[in-house]
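Peer 1: This is the structure, below, for whatever I ask next.
What follows is the structure, encoded as structure tokens:
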């Protein structure tokens with residue numbers, strides 16, 4: 012099974028949706044939510060609030076705060092989506108060149 016990688020901007024703490032969360036625990040829950048959302052199909056979407064709460068364990072208590080802060084949204088079918096998922100993550104694998112360079116270095120070649 013392929014490992015779902017999460018891209019995180021180094022300035023994630025400055026993001027307004029994360030910064031609005033009321034505690035460090037809630038901000039950590041937001042980051043965990045992004046990670047779990049990457050593993051979902053489709054990416055960025057949970058079947059229900061209960062599903063998301065179960066996915067992030069004890070941090071699930073912060074889901075209502077993430078909705079109020081605008082990190083998450085409740086969709087018309089009662090699923091929960093990460094708002095602006097495409098801004099948070101690109102589903103395109105743009106790492107081809109970087110991986111090729113790494114493999115060349117491991118073989119002792121210079122790029």
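Residue numbers (the numbering used here): 12 to 122. Glycine included, each C-beta is placed from N, C-alpha and C at the ideal position.
I'd like the ranges of any alpha helix (DSSP H) spanning at least 4 consecutive residues and lying wholly in the segment 32-96.
Peer 2: Counting only runs of 4 or more, we get 35-50, 60-66 and 74-80.
Peer 1: Using only the alpha-carbon positions, how far apart do residue 90 and residue 58 sit?
Peer 2: Along the chain shown, read from residue 1 onward, the residue named residue 90 stands at position 79. Along the chain shown, read from residue 1 onward, the residue named residue 58 stands at position 47. Their backbone Cα atoms lie some 5 Å apart in a straight line.
Peer 1: So, residue 67 versus residue 47, is the Cβ gap smaller than 8 Å?
Peer 2: If you number the chain shown from 1, residue 67 lands on position 56. If you number the chain shown from 1, residue 47 lands on position 36. Cβ atoms of residue 67 and residue 47: closer than 8 Å.
Peer 1: How would you write the range of the alpha helix (DSSP H) that residue 27 sits in, first residue to last?
Peer 2: Counting from 1 along the chain shown, the entry for residue 27 is found at position 16. First-last of the alpha helix (DSSP H) with residue 27: 27-30.
Peer 1: Determine the contact status of residue 60 and residue 74, defining contact as a CB-CB distance below 8 Å.
Peer 2: The count along the chain shown starts at 1 and reaches residue 60 at position 49. The count along the chain shown starts at 1 and reaches residue 74 at position 63. For residue 60 and residue 74, yes; Cβs fall inside 8 Å.
Peer 1: Compare the Cα-Cα distances from residue 45 to each of 120, 93 and 87 and report the closest residue.
Peer 2: Translated into the one-based positions of the chain shown, residue 45 becomes position 34. For residue 45, the nearest C-alpha among the options comes from 93.
Peer 1: Taking just the CA atoms, how far does residue 98 sit from residue 37?
Peer 2: Start at 1 with the first residue of the chain shown, and residue 37 comes out as number 26. Start at 1 with the first residue of the chain shown, and residue 98 comes out as number 87. Those two C-alpha atoms are separated by around 20 Å.
Peer 1: If we count the other Cβ atoms within 10 Å of its Cβ and call it buried at 16 or more, is residue 25 buried or exposed?
Peer 2: Position 14 of the chain shown holds residue 25. Result: exposed.
Peer 1: State the Cα-Cα distance for the pair residue 29 and residue 108, rounded to the nearest angstrom.
Peer 2: Within the chain shown, the letter at position 18 stands for residue 29. Within the chain shown, the letter at position 97 stands for residue 108. Going by the C-alpha atoms only, they are around 31 Å apart.
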